[in-house]
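Chemist: Numbering (the numbering used here), first residue to last: 93 to 248. Before I ask anything, here is the structure I am working with.
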């Protein structure tokens, strides 16, 4: 069985409905048992109940189109805490948390996210020196300059 990506995206949009969720990733693997992995996020994250609801809705649409006897695996999930932020809409809920940025020019910045706009983010970079940390004034980084951004997980 081969899934049509465009059709799956339409089905998924229909399954999401009016919920304030957005697609972060869609992976299709053509193996013995085809697997569809959908990664969703939202302004307040994604509850496990929402994953289950959307999974049921999407499975129903896939079965209606491809036939109920179609063999496939479906996973609807949220991005893990260690996953990079890939959509500008993901940044807003992380304001106040520490981010690690890898910029397109190869430099790396780590600091507290102070603002997120449609164009980029503002962080207060923390520089570690021998015995102390220095926090620089907030600087703006456009999304076009950010190669990768991850929330720094802290276990205090």
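Beta carbons: idealized from backbone N, C-alpha and C, even for Gly.
Exposed or buried, what is residue 88 when buried is set at 16 or more other beta-carbons lying within 10 Å of its beta-carbon?
Modeler: The structure shown does not extend to residue 88, since the chain is modelled only from 93 to 248, so the question has no answer here.
Chemist: Looking at the unbroken beta strand (DSSP E) that takes in residue 241, where does it start and where does it end?
Modeler: Element bounds for residue 241: 238-243.
Chemist: Under the DSSP definition of a beta bridge, which residues are partnered with residue 233?
Modeler: Per DSSP, 213.
Chemist: Within the continuous beta strand (DSSP E) that includes residue 133, where are the two ends?
Modeler: Unbroken beta strand (DSSP E) run through residue 133: 127-133.
Chemist: CA-CA distance, residue 227 and residue 219?
Modeler: Cα to Cα, residue 227 sits roughly 6 angstroms from residue 219.
Chemist: Report back the beta-carbon spacing between residue 205 and residue 183 to the nearest angstrom; my notes put them in contact at under 8 angstroms.
Modeler: The pair is a contact, with the Cβ atoms about 7 angstroms apart (cut-off 8 angstroms).
Chemist: DSSP has residue 165 in a bridge; who is on the other side?
Modeler: According to DSSP, which records beta bridges pairwise, residue 165 is partnered with 127.
Chemist: Report yes if the CB atom of residue 190 is closer than 8 angstroms to the CB atom of residue 137, and no otherwise.
Modeler: Contact: no.
Chemist: In three-state terms, what does DSSP make of residue 102?
Modeler: If DSSP states are grouped into helix, strand and coil, residue 102 belongs with the helices.
Chemist: Taking Cβ positions, are residue 133 and residue 113 nearer each other than 8 angstroms?
Modeler: The answer is yes: Cβ separation under 8 angstroms.
Chemist: Between the Cα of residue 147 and those of 193, 108 and 123, spot the shortest distance and give me the residue it belongs to.
Modeler: When each option's Cα is compared against that of residue 147, the closest is 108.
Chemist: Reducing DSSP to helix, strand and coil, say where residue 187 ends up.
Modeler: The answer is coil: DSSP assigns residue 187 none of H, G, I, E or B.
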